[in-house]
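Undergrad: I am attaching a structure below and will ask some questions about it afterwards.
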Amino acid sequence: MSRSEPRVKRWYAGLPLRTRLAMLTALAVVLGVAVSTVAVWILARGQFRESVDDLLLSTRADPVQIDRVLSAGVCASESDQPAQENGEVPGLIDYTIQIVDDEGRRCLIAGGASLEVTEADIAVAQGRSPQELHNATGSDGAEYRVMTRPVEGPFGGGRAAVSVARPLSEVNGPLRSLTVVLVLVGVAGGVGAAGVGVALARAGLRPVDRLTHAAEHIARTEDLSVRIPVTGDDEIARLSRSFNSMTAALASSRELQQQLIADAGHELRTPLTSLRTNIELLIRSEETGRALPEADRRELLASVTAQLSELAALIGDLQELSRPEAAAGSGKLELVGLHDIVSRAVARARLRARGMPIEAELDPWFVRAEPTSLERAVVNLLDNAVKFGGAGDGGGVEVALRNGVLRVRDHGPGIPADELPHVFERFWRSPGARSLPGSGLGLSIVARAVRECGGDVSLRPADGGGTEAVTSLPGAPVPPPGAGNGAADGA
Numbered sequence: 001m002s003r004s005e006p007r008v009k010r011w012y013a014g015l016p017l018r019t020r021l022a023m024l025t026a027l028a029v030v031l032g033v034a035v036s037t038v039a040v041w042i043l044a045r046g047q048f049r050e051s052v053d054d055l056l057l058s059t060r061a062d063p064v065q066i067d068r069v070l071s072a073g074v075c076a077s078e079s080d081q082p083a084q085e086n087g088e089v090p091g092l093i094d095y096t097i098q099i100v101d102d103e104g105r106r107c108l109i110a111g112g113a114s115l116e117v118t119e120a121d122i123a124v125a126q127g128r129s130p131q132e133l134h135n136a137t138g139s140d141g142a143e144y145r146v147m148t149r150p151v152e153g154p155f156g157g158g159r160a161a162v163s164v165a166r167p168l169s170e171v172n173g174p175l176r177s178l179t180v181v182l183v184l185v186g187v188a189g190g191v192g193a194a195g196v197g198v199a200l201a202r203a204g205l206r207p208v209d210r211l212t213h214a215a216e217h218i219a220r221t222e223d224l225s226v227r228i229p230v231t232g233d234d235e236i237a238r239l240s241r242s243f244n245s246m247t248a249a250l251a252s253s254r255e256l257q258q259q260l261i262a263d264a265g266h267e268l269r270t271p272l273t274s275l276r277t278n279i280e281l282l283i284r285s286e287e288t289g290r291a292l293p294e295a296d297r298r299e300l301l302a303s304v305t306a307q308l309s310e311l312a313a314l315i316g317d318l319q320e321l322s323r324p325e326a327a328a329g330s331g332k333l334e335l336v337g338l339h340d341i342v343s344r345a346v347a348r349a350r351l352r353a354r355g356m357p358i359e360a361e362l363d364p365w366f367v368r369a370e371p372t373s374l375e376r377a378v379v380n381l382l383d384n385a386v387k388f389g390g391a392g393d394g395g396g397v398e399v400a401l402r403n404g405v406l407r408v409r410d411h412g413p414g415i416p417a418d419e420l421p422h423v424f425e426r427f428w429r430s431p432g433a434r435s436l437p438g439s440g441l442g443l444s445i446v447a448r449a450v451r452e453c454g455g456d457v458s459l460r461p462a463d464g465g466g467t468e469a470v471t472s473l474p475g476a477p478v479p480p481p482g483a484g485n486g487a488a489d490g491a
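If you want it as structure tokens, here you go:
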């Protein structure tokens with residue numbers, strides 16, 4: 001690559017898009033006009049020359065008349081003779097006529113200049129060629145189109161040919177005029193193309209200008225409510241729709257972020273207030289020297305420990321939700337046994353169930369998932385069932401895994417139908433559960449983990465009372481051949 005090419009590229013890249021589009025349009029039209037002009041000129045030249053050739057081919061010199069001129073002694077030598085009146089050879093007005101014998105000698109019998117004798121003329125005179133069309137230079141320096149054919153006659157007993165010619169100026173003159181006209185037309189077309197290119201660039205880039213102004217407005221004001229009017233279904237319209245979708249998604253993400261911050265602040269405020277109150281009581285007791293009763297002191301310390309545990313759980317949930325959510329089936333997944341994960345989660349839930357029975361029937365089912373995230377989701381489902389299932393008549397939690405569908409059913413009071421659509425929202429807690437410990441993030445984490453595995457989860461009223469959580473995950477009852485349980489898989 002030469003050193004000048006980067007400069008040209010930088011110069012071209014520095015031009016506005018509208019200018020580049022206008023230049024490209026004008027260049028395309030100019031090239032089209034230039035190609036058309038050259039093609040017209042070539043065709044016209046061919047037609048003009050073909051017409052001259054047709055005239056020469058249709059010319060028939062009378063041998064008797066030619067012989068009469070020769071017999072008058074006009075061509076006594078090979079030197080150029082004065083031109084005869086064209087009337088000496090009737091029907092050949094405006095033609096140059098020259099006789100060439102088989103030895104290459106010439107005799108001008110009509111016209112203003114003699115023609116050079118070529119090998120083609122001699123070949124015709126000697127009978128080696130029936131006729132020839134070629135160009136030749138006259139004694140006056142002009143170019144001629146020459147047609148040579150044999151003639152029969154006495155001519156001193158030898159063979160000869162007659163060359164009939166017309167000057168190429170008959171062709172070159174009109175061609176020059178046509179060239180001037182075509183050049184003027186090409187220049188006019190180029191200027192017009194430049195104007196049309198500018199107009200087309202302005203009209204075609206008007207939607208892009210609106211898009212640019214909208215993007216600059218958003219960058220300047222951070223106002224994500226701006227929308228671009230969209231008409232049609234072309235590429236610019238698709239780009240505008242995509243831009244509107246992007247700003248709508250950004251606005252929704254900002255609202256969710258602000259809501260998450262507000263909800264997290266609200267949820268953190270309660271344990272922090274309780275912690276500050278308890279710690280201030282302990283500090284005041286130490287500063288004043290008035291010791292608290294041992295029972296009250298132990299109760300305060302237990303409350304502080306519980307609030308710290310609640311804060312730690314809340315912060316862990318927030319960290320889990322702050323992690324970017326992966327698309328279904330993407331990310332670092334492993335082949336795991338869902339029945340093993342559910343079995344471990346049931347064992348952990350029984351430790352916190354305080355005697356509440358948890359029955360489990362688990363069939364083998366293998367899925368691709370992140371083991372830690374999936375186990376936490378199952379534990380959250382079981383904790384939720386234990387928390388709200390103790391108030392029912394029968395009590396207890398039933399867990400079943402069959403054909404990839406995990407069902408967790410409690411016998412509690414159930415969830416009202418108008419609250420079911422909100423159970424997987426962040427920080428949402430039903431009015432009856434706000435007095436119970438928890439952050440309202442457990443089911444949100446469940447829904448997120450299940451979506452990342454390509455599955456689906458829902459809560460619904462159970463037959464006979466209580467609530468049933470139904471989770472379905474794609475998989476198989478046996479692991480694929482050659483895949484080890486727990487083997488990493490990037491699929």
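The opening position of the sequence shown corresponds to residue 1 in UniProt numbering, with each subsequent residue numbered one higher. Ideal placement from N, C-alpha and C gives every residue a C-beta, glycine not left out. Here the structure is a predicted model, which means the values were calculated and not measured.
#1: Hey, would you say G104 sits closer than 9 Å to A120, going by beta carbons?
#2: Cα-Cα, which of F388, P479, T247 and R451 is closest to V336?
#3: List the DSSP bridge partners of I97.
#4: Since I believe R407 is in contact with V470 (beta carbons under 8 Å), could you give me their beta-carbon distance rounded to a whole number of angstroms?
#5: With respect to the alpha helix (DSSP H) encompassing L443, which residues constitute its N-terminal and C-terminal limits?
#6: Could you have a look at G337 and say whether DSSP puts it in helix, strand or coil?
#7: Looking only at its own chain, which residues have a Cβ that is under 6 Å from the Cβ of R350, when we skip the five neighbours before and after it?
#8: R149 and V162 - do their beta-carbons sit closer together than 9 Å?
#9: On the premise that V379 lies in contact with R348, defined as a C-beta separation below 8 Å, what is that separation, rounded to the nearest angstrom?
#10: Within the segment 208-291, note down every full alpha helix (DSSP H) run reaching 4 residues or more, in order along the chain.
#11: Please go through the same chain and pick out, in chain order, the residues whose beta-carbon is closer than 6 Å to the beta-carbon of T37, but skip the five residues on each side of it.
#12: Determine the contact status of L21 and L205, defining contact as a CB-CB distance below 9 Å.
#13: Starting from the Cα of A52, find the closest Cα among G195, V164 and D363 and give me that residue.
#14: Any idea if T288 is buried or exposed, counting beta-carbon neighbours within 10 angstroms, 16 or more meaning buried?
#15: Residues in its own chain within less than 6 Å of residue 513 by CB, not counting five upstream and five downstream?
#16: First and last residue of the beta strand (DSSP E) that includes N135?
#17: Could you give the distance in angstroms between the alpha-carbon of D223 and the alpha-carbon of D233?
#18: Our contact map puts L333 next to A369 with C-beta atoms below 8 Å; I'd like the distance itself, whole angstroms only.
#19: Evaluate contact between the segment 28-44 and the segment 191-202, counting only Cβ atoms and requiring at least three cross-stretch pairs below 8 Å.
#20: May I ask which residues mark the beginning and end of the beta strand (DSSP E) holding T59?
#21: Would you kindly check if the distance between the Cβ of L473 and the Cβ of G454 is under 9 Å?
#22: What whole-angstrom Cβ distance do V226 and A214 have, given they're in contact under 8 Å?
#23: By how many angstroms is the C-alpha of A302 removed from the C-alpha of A295?
#24: Between the C-alpha atoms of R220 and L211, what's the straight-line distance to the nearest angstrom?
#25: Name the DSSP bridge partner or partners of R407?
#26: Return the first residue and the last residue of the beta strand (DSSP E) that A369 is part of.
#27: Which first and last residues belong to the beta strand (DSSP E) in which R202 is found?
#28: Could you round the C-beta distance between R45 and R202 to whole angstroms and report it? I think they count as a contact, below 8 Å.
#29: Quick check: the Cα distance between V151 and T96, rounded to an integer number of angstroms?
#30: On the three-state DSSP scale, how would you describe M23?
#31: Within the same chain, show all residues whose beta-carbon is closer than 7 Å to that of G127, passing over the 5 residues directly before and after it, in chain order.
#32: In three-state DSSP terms, what is T148?
#33: With H, G and I counted as helix, E and B as strand and the rest as coil, what does DSSP make of A476?
#34: Between R460, V399 and R344, which has its C-alpha nearest P413's C-alpha?
#35: In angstroms with no decimal places, state the Cα-to-Cα distance between E216 and D209.
#36: Taking the C-alpha atoms as reference points, what is the distance between R106 and V191?
TA: From the atom records:
#1: What you label residue 104 is simply residue 104 of the sequence shown in a count that begins at 1. What you label residue 120 is simply residue 120 of the sequence shown in a count that begins at 1. Contact: no.
#2: By one-based count along the sequence shown, residue 336 stands at place 336. Per the Cα distances, P479.
#3: Your numbering for residue 97 matches position 97 in the sequence shown. DSSP lists A110 and V164 as partners of I97.
#4: Taking the first residue of the sequence shown as 1, we reach residue 470 at position 470. Taking the first residue of the sequence shown as 1, we reach residue 407 at position 407. The distance from the Cβ of V470 to that of R407 is about 6 Å, consistent with a contact at the 8 Å cut-off.
#5: Position 443 of the sequence shown holds residue 443. Taken as a continuous stretch (DSSP letters only), the alpha helix (DSSP H) holding L443 covers G442 to E452.
#6: Counting from one through the sequence shown, the residue named residue 337 turns up at place 337. In this structure, G337 counts as strand in the three-state DSSP scheme.
#7: Counting from 1 along the sequence shown, the entry for residue 350 is found at position 350. Result list for R350: I358, in chain order.
#8: Counted from its first residue, the sequence shown places residue 162 at position 162. Counted from its first residue, the sequence shown places residue 149 at position 149. In contact: V162 and R149 (Cβ atoms closer than 9 Å).
#9: By 1-based counting over the sequence shown, the position of residue 348 is 348. By 1-based counting over the sequence shown, the position of residue 379 is 379. Rounded, the Cβ-Cβ distance is 6 Å, consistent with contact.
#10: Within the segment 208-291, the complete alpha helix (DSSP H) runs of at least 4 residues are 235-288.
#11: Position 37 of the sequence shown, counted from the start, is the residue given in the question as residue 37. Within the same chain, T37 has close Cβ partners L182 and G186.
#12: Position 21 of the sequence shown holds residue 21. Position 205 of the sequence shown holds residue 205. Between L21 and L205, the gap from beta carbon to beta carbon is short of 9 Å.
#13: Counting from 1 along the sequence shown, the entry for residue 52 is found at position 52. The sequence as given places Val at residue 52; Ala does not occur at that position. The candidate whose alpha carbon is nearest that of V52 is V164.
#14: As a working note, residue 288 is residue 288 in the sequence shown. By the Cβ neighbour-count rule, T288 is exposed, with fewer than 16 other Cβ atoms within 10 Å of its own.
#15: This structure gives no information on residue 513, because the portion of the chain shown stretches from 1 to 491.
#16: Here residue 135 corresponds to residue number 135 of the sequence shown, with the count starting at 1. Here the beta strand (DSSP E) through N135 covers E132 to T137.
#17: Within the sequence shown, numbered from 1, the residue matching residue 223 stands at position 223. Within the sequence shown, numbered from 1, the residue matching residue 233 stands at position 233. Linking D223 to D233 through their CA atoms gives a straight-line distance of about 26 Å.
#18: Taking the first residue of the sequence shown as position 1, residue 333 is located at position 333. Taking the first residue of the sequence shown as position 1, residue 369 is located at position 369. Their Cβ separation, rounded to whole angstroms, is 6 Å, which keeps L333 and A369 in contact under 8 Å.
#19: The way I'd put it, the segment 28-44 does touch the segment 191-202; three or more beta-carbon pairs between them come closer than 8 Å.
#20: Position 59 of the sequence shown, counted from the first residue, corresponds to residue 59. T59 -> no beta strand (DSSP E), and no H or E assigned at all.
#21: Taking the first residue of the sequence shown as position 1, residue 454 is located at position 454. Taking the first residue of the sequence shown as position 1, residue 473 is located at position 473. In this structure, L473 lies closer than 9 Å to G454 by Cβ.
#22: Residue 226 sits at position 226 when you count from the first residue of the sequence shown. Residue 214 sits at position 214 when you count from the first residue of the sequence shown. That pair is a contact at about 5 Å.
#23: As a working note, residue 295 is residue 295 in the sequence shown. As a working note, residue 302 is residue 302 in the sequence shown. If you take the alpha carbons of A295 and A302, they lie about 11 Å apart.
#24: The residue you call residue 220 lines up with position 220 of the sequence shown. The residue you call residue 211 lines up with position 211 of the sequence shown. Straight-line Cα distance between these residues: approximately 14 Å.
#25: In the sequence shown, residue 407 corresponds to position 407, counting from 1. Its beta-bridge partners are A400 and V470.
#26: Translated into positions along the sequence shown, residue 369 becomes position 369. Segment F366 to A369, the beta strand (DSSP E) holding A369.
#27: Along the sequence shown, read from residue 1 onward, the residue named residue 202 stands at position 202. No beta strand (DSSP E) holds R202; the alpha helix (DSSP H) holding it covers S169 to G204.
#28: Within the sequence shown, numbered from 1, the residue matching residue 45 stands at position 45. Within the sequence shown, numbered from 1, the residue matching residue 202 stands at position 202. At roughly 41 Å, the Cβ-Cβ gap does not stay under 8 Å, so R45 and R202 are not in contact.
#29: By 1-based counting over the sequence shown, the position of residue 151 is 151. By 1-based counting over the sequence shown, the position of residue 96 is 96. Going by the C-alpha atoms only, they are around 16 Å apart.
#30: To locate residue 23, count along the sequence shown from 1; it is residue 23. Helix at M23.
#31: Counted from its first residue, the sequence shown places residue 127 at position 127. Counting only residues of its own chain and dropping the five nearest sequence neighbours on each side, G127 has a CB closer than 7 Å to the CB of P150 and R159.
#32: On the sequence shown, residue 148 is found 148 positions in, with the first residue counted as 1. Strand at T148.
#33: In the sequence shown, residue 476 corresponds to position 476, counting from 1. In the structure shown, A476 sits in a strand (DSSP, three-state: E or B).
#34: Numbered from its first residue, the sequence shown carries residue 413 at position 413. Among R460, V399 and R344, the Cα nearest to that of P413 belongs to R460.
#35: For this step, residue 216 is matched to residue 216 along the sequence shown. For this step, residue 209 is matched to residue 209 along the sequence shown. Approximately 10 Å between the Cα atoms of the pair.
#36: Position 106 of the sequence shown holds residue 106. Position 191 of the sequence shown holds residue 191. A direct Cα-Cα distance of roughly 55 Å separates R106 from V191.
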